[in-house]
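Q: Below is the structure I would like to discuss, written out as structure tokens.
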Amino acid sequence: APGRFRDAGVFFDSSSRVSTSGAMPPPGGSKKKKGKRAKEKSGGGSSRGVGGGSGIDALIESGNEHLAFERLEEGMADLKRACVLAPDNADAAEAYGMAMAEFGDSVDAIAALKRAAQLRPNEGFEKFMYLGQLLNDAAAAATCTRQGLAIIEHQSSLGDPDADERICGACCALVEQLIAAADDVEDVADECDALLRRAAEADVHSAEPMQAMASLRSLQGRTEEALEALRRSVATWRSRRGGREVDPDADENDDEADEFEGEYEVSFEFRFETAKLLLELDENTEEAVMVLEELLNERDDVVDVWHLLALANHGCCNFDRALELLDHADALNEKQGGDEHVASDLMELRSAVTESKERWEQDVGADHKMGGGEDE
Numbered sequence: 049a050p051g052r053f054r055d056a057g058v059f060f061d062s063s064s065r066v067s068t069s070g071a072m073p074p075p076g077g078s079k080k081k082k083g084k085r086a087k088e089k090s091g092g093g094s095s096r097g098v099g100g101g102s103g104i105d106a107l108i109e110s111g112n113e114h115l116a117f118e119r120l121e122e123g124m125a126d127l128k129r130a131c132v133l134a135p136d137n138a139d140a141a142e143a144y145g146m147a148m149a150e151f152g153d154s155v156d157a158i159a160a161l162k163r164a165a166q167l168r169p170n171e172g173f174e175k176f177m178y179l180g181q182l183l184n185d186a187a188a189a190a191t192c193t194r195q196g197l198a199i200i201e202h203q204s205s206l207g208d209p210d211a212d213e214r215i216c217g218a219c220c221a222l223v224e225q226l227i228a229a230a231d232d233v234e235d236v237a238d239e240c241d242a243l244l245r246r247a248a249e250a251d252v253h254s255a256e257p258m259q260a261m262a263s264l265r266s267l268q269g270r271t272e273e274a275l276e277a278l279r280r281s282v283a284t285w286r287s288r289r290g291g292r293e294v295d296p297d298a299d300e301n302d303d304e305a306d307e308f309e310g311e312y313e314v315s316f317e318f319r320f321e322t323a324k325l326l327l328e329l330d331e332n333t334e335e336a337v338m339v340l341e342e343l344l345n346e347r348d349d350v351v352d353v354w355h356l357l358a359l360a361n362h363g364c365c366n367f368d369r370a371l372e373l374l375d376h377a378d379a380l381n382e383k384q385g386g387d388e389h390v391a392s393d394l395m396e397l398r399s400a401v402t403e404s405k406e407r408w409e410q411d412v413g414a415d416h417k418m419g420g421g422e423d424e
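Count along the sequence shown starting at 1, add 48, and that's the number in the numbering used here.
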């Protein structure tokens with residue numbers, strides 16, 4: 049679901065193409081969420097319960113406040129009740145659909161968000177952005193994202209200070225969906241280029257347009273351009289921590305540098321996609337390994353990160369390290385329920401690493417014998 053990283057699941061498939069923007073929670077795509085969506089909706093503060101107002105609006109406010117303080121059962125119950133009592137209320141349908149997208153069932157989320165879109169088709173970009181991420185039909189997803197983008201553009205024309213960042217995320221999400229829906233990437237390449245230029249203009253500090261460009265150029269077979277764009281993206285997000293500019297040459301003892309160390313503005317998921325692209329495009333695995341090691345330092349409970357890091361170490365012939373990482377991945381997968389597809393993928397990689405290690409040792413042994421004979 050948008051904005052939610054699946055702790056127990058996996059989203060990495062070593063044979064799949066790389067997603068450019070990952071799950072894009074409104075209002076921004078690649079950036080970390082500043083607090084929970086529900087808290088933003090309710091305005092924070094202490095929960096007042098249903099008694100804080102009257103009627104449907106009070107139920108919606110109460111539900112959002114419950115969610116803000118992680119009382120999910122109570123929050124979802126209030127929002128669902130609001131929808132039952134007022135099936136033609138766009139606010140209720142939108143609030144319930146967005147909450148379901150974050151915390152519940154995607155089928156129910158889609159139904160509620162579609163109802164909200166029918167009731168209020170020209171206002172409220174969030175429901176369209178969520179639908180763009182939830183729908184399996186890439187063409188339908190692109191249609192929803194276009195509508196969300198149109199609403200955001202209108203808000204920008206009215207002077208909304210947050211619209212530029214939202215435009216950037218929406219443009220990048222639309223590029224991903226256009227690529228997914230196209231039979232041939234060249235059919236949508238010009239439109240994608242225009243969207244990414246618009247994204248870069250809207251948010252000059254965002255690393256997302258360049259990473260999306262890298263994925264597009266990779267699909268076009270323009271590998272050198274893809275790697276150049278990706279490196280520019282990485283340089284952008286590495287230069288900014290906590291939403292502020294950081295001098296990469298600053299004194300390590302500087303208090304301000306320490307305060308923002310590791311707090312990259314881009315999300316965990318975005319940097320995982322960065323690592324996938326780096327492994328696809330760059331013969332040198334050093335940068336990809338660095339990104340993945342940083343992710344592990346932040347969170348060590350995501351099987352996909354252990355898996356991809358093992359793959360990277362296999363690629364640079366660090367076979368023992370790769371096998372060690374696979375041991376961790378296997379144990380973590382078992383702890384999280386033992387997904388059979390994940391276990392199969394890990395077993396396949398383990399077999400490849402073991403075979404490569406054996407060949408390497410045989411080659412080194414043969415070279416050593418040859419060298420020893422010459423010395424004699």
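Even glycine gets a Cβ: it sits at the ideal position worked out from N, Cα and C.
What does the alpha-carbon distance come out to for the pair A149 and I158?
A: Here residue 149 refers to the residue found at position 101 when the sequence shown is read from its first residue. Here residue 158 refers to the residue found at position 110 when the sequence shown is read from its first residue. Distance between A149 and I158, taken at the CA atoms: about 8 Å.
Q: Would the C-beta of E334 count as close to the ligand GDP, meaning under 7 Å from any of its heavy atoms?
A: The ligand GDP is not part of the structure shown, which contains no ligands of any sort.
Q: So, for E403: in the same chain, excluding its five sequence neighbours on each side, which residues have a beta-carbon less than 7 Å away from its beta-carbon?
A: Within the sequence shown, numbered from 1, the residue matching residue 403 stands at position 355. Contacts found: none.
Q: Are A138 and G111 touching if we call contact CB-CB under 8 Å?
A: Locating residue 138 in the sequence shown gives position 90, counting from the first residue. Locating residue 111 in the sequence shown gives position 63, counting from the first residue. In this structure, G111 does not lie closer than 8 Å to A138 by Cβ.
Q: Roughly how many angstroms lie between the CA atoms of S281 and E335, to the nearest whole one?
A: Numbered from its first residue, the sequence shown carries residue 281 at position 233. Numbered from its first residue, the sequence shown carries residue 335 at position 287. The straight-line gap from Cα to Cα measures roughly 13 Å.
Q: Hey, could you find the ends of the alpha helix (DSSP H) S281 is sitting in?
A: Here the question's residue 281 lines up with position 233 in the sequence shown. Counting along the chain, the alpha helix (DSSP H) containing S281 begins and ends at 271-286.
Q: Can you give the Cα-Cα distance for A218 and D210, rounded to whole angstroms?
A: To locate residue 218, count along the sequence shown from 1; it is residue 170. To locate residue 210, count along the sequence shown from 1; it is residue 162. So the alpha carbons of these two residues sit roughly 13 Å apart.
Q: Can you tell me the Cα-Cα spacing of R407 and W354, whole angstroms?
A: Residue 407 sits at position 359 when you count from the first residue of the sequence shown. Residue 354 sits at position 306 when you count from the first residue of the sequence shown. Each residue's alpha carbon lies about 24 Å from the other.
Q: Tell me, please, whether the segment 346-353 touches the segment 273-288 by the rule of three or more beta-carbon pairs shorter than 8 Å.
A: The segment 346-353 is not in contact with the segment 273-288.
Q: On the DSSP letters alone, give me the boundaries of the alpha helix (DSSP H) that F151 sits inside.
A: In the sequence shown, the residue the question calls residue 151 occupies position 103. 138-151 is the extent of the alpha helix (DSSP H) around F151.
Q: Do you know offhand how far F316's Cα is from E109's?
A: As a first step, residue 316 must be located in the sequence shown, where it is residue number 268. As a first step, residue 109 must be located in the sequence shown, where it is residue number 61. Rounded to the nearest angstrom, the two C-alpha atoms are 30 Å apart.
Q: Please return the same chain residues whose Cβ sits closer than 6 Å to the Cβ of C216, not counting the five positions on each side in sequence.
A: Counting from one through the sequence shown, the residue named residue 216 turns up at place 168. Excluding positions up to five away in sequence, the list reads A247, A250, D251, S254.
Q: Buried or exposed for C192, going by 16 or more other Cβ atoms inside 10 Å?
A: Start at 1 with the first residue of the sequence shown, and residue 192 comes out as number 144. The residue in question, C192, is buried, as its Cβ has 16 or more Cβ neighbours within 10 Å.
Q: So, is C365 buried or exposed, given that buried needs 16 or more other C-beta atoms within 10 angstroms?
A: By one-based count along the sequence shown, residue 365 stands at place 317. Exposed, because fewer than 16 other Cβ atoms sit within 10 Å of the Cβ of C365.
Q: If I follow the unbroken alpha helix (DSSP H) through Y44, where does it start and stop?
A: Residue 44 lies beyond the stretch modelled for the chain, which goes from 49 to 424, so this question has no answer here.
Q: Go through its chain and collect everything with a Cβ distance to E273's Cβ below 6 Å, but skip five positions before and after it.
A: The residue given as residue 273 occupies position 225 in the sequence shown. Only residues of its own chain outside the window of five on either side were considered, and among them R265 have a CB closer than 6 Å to the CB of E273, listed in chain order.
Q: Going along the chain, which residues of its own chain have a beta-carbon closer than 8 Å to the beta-carbon of P296, five neighbours each way excluded?
A: Position 248 of the sequence shown, counted from the start, is the residue given in the question as residue 296. Reliability of the predicted coordinates at P296 is poor, the pLDDT of 49 falling under 50, and the value obtained from them is presented with this limitation in mind. Around P296: R286, S287.
Q: Between the segment 140-148 and the segment 161-174, do at least 3 Cβ pairs fall closer than 8 Å?
A: yes
Q: Applying the 10 Å Cβ sphere with the 16-neighbour rule, what's the burial state of D208?
A: Translated into positions along the sequence shown, residue 208 becomes position 160. D208 comes out exposed.
Q: Please identify the residue among L107, D378, K383 whose C-alpha is closest to the C-alpha of S392.
A: Within the sequence shown, the letter at position 344 stands for residue 392. Answer by Cα proximity: D378.
Q: Report the residue from V390, H389, E388, V337 whose alpha carbon sits nearest the alpha carbon of R369.
A: Within the sequence shown, numbered from 1, the residue matching residue 369 stands at position 321. It is V337 whose Cα lies nearest to the Cα of R369.
Q: Roughly how many whole angstroms lie between the Cα atoms of V155 and E409?
A: For this step, residue 155 is matched to residue 107 along the sequence shown. For this step, residue 409 is matched to residue 361 along the sequence shown. Approximately 52 Å between the Cα atoms of the pair.
Q: Mapping the DSSP letters down to three states, classify V314 as helix, strand or coil.
A: Counting from one through the sequence shown, the residue named residue 314 turns up at place 266. Three-state DSSP puts V314 in a strand.
Q: Can you tell which of T333, I104, L115, L179 has the C-alpha that lies nearest to the C-alpha of L222?
A: Here residue 222 is taken as the residue at index 174 of the sequence shown, counted from 1. Looking at the Cα atoms, L179 is the closest of the given residues.
Q: At the level of alpha carbons, what is the spacing between V390 and S205?
A: Your numbering for residue 390 matches position 342 in the sequence shown. Your numbering for residue 205 matches position 157 in the sequence shown. Taking the straight line from one Cα to the other gives about 47 Å.
Q: Mind reading off the beta-carbon distance from D352 to F320? Whole number of angstroms is fine, and I expect it under 8 Å.
A: Walking along the sequence shown from the start, residue 352 turns up at place 304. Walking along the sequence shown from the start, residue 320 turns up at place 272. The Cβ separation is near 7 Å, so the contact holds.
Q: Using only alpha-carbon positions, find the residue among L243, L373, A188, T322 that is nearest to G263.
A: As a first step, residue 263 must be located in the sequence shown, where it is residue number 215. A quick correction: the sequence has Ser, not Gly, at residue 263. Closest option to S263, Cα to Cα, is T322.
Q: So what does DSSP say about C365, is it helix, strand or coil?
A: For the purposes of this step, residue 365 is taken as residue 317 along the sequence shown, with counting starting at 1. Coil.
Q: Is L374 closer than 8 Å to L340 when the C-beta atoms are compared?
A: Sequence index remark: in the sequence shown, residue 340 carries index 292 (1-based). Sequence index remark: in the sequence shown, residue 374 carries index 326 (1-based). No, these two residues do not count as a Cβ contact at 8 Å.
Q: Whole angstroms is fine: what's the gap from L243's alpha carbon to I199's?
A: The residue given as residue 243 occupies position 195 in the sequence shown. The residue given as residue 199 occupies position 151 in the sequence shown. Computed Cα separation, rounded: 16 Å.
Q: Among the candidates N361, L380, K383, E388, whose CA atom is the shortest distance from the CA of V401?
A: Translated into positions along the sequence shown, residue 401 becomes position 353. Nearest of N361, L380, K383, E388 to V401, Cα basis: N361.
Q: Quick check on Q195: does DSSP put it in helix, strand or coil?
A: By 1-based counting over the sequence shown, the position of residue 195 is 147. Q195 falls in the helix class under three-state DSSP.
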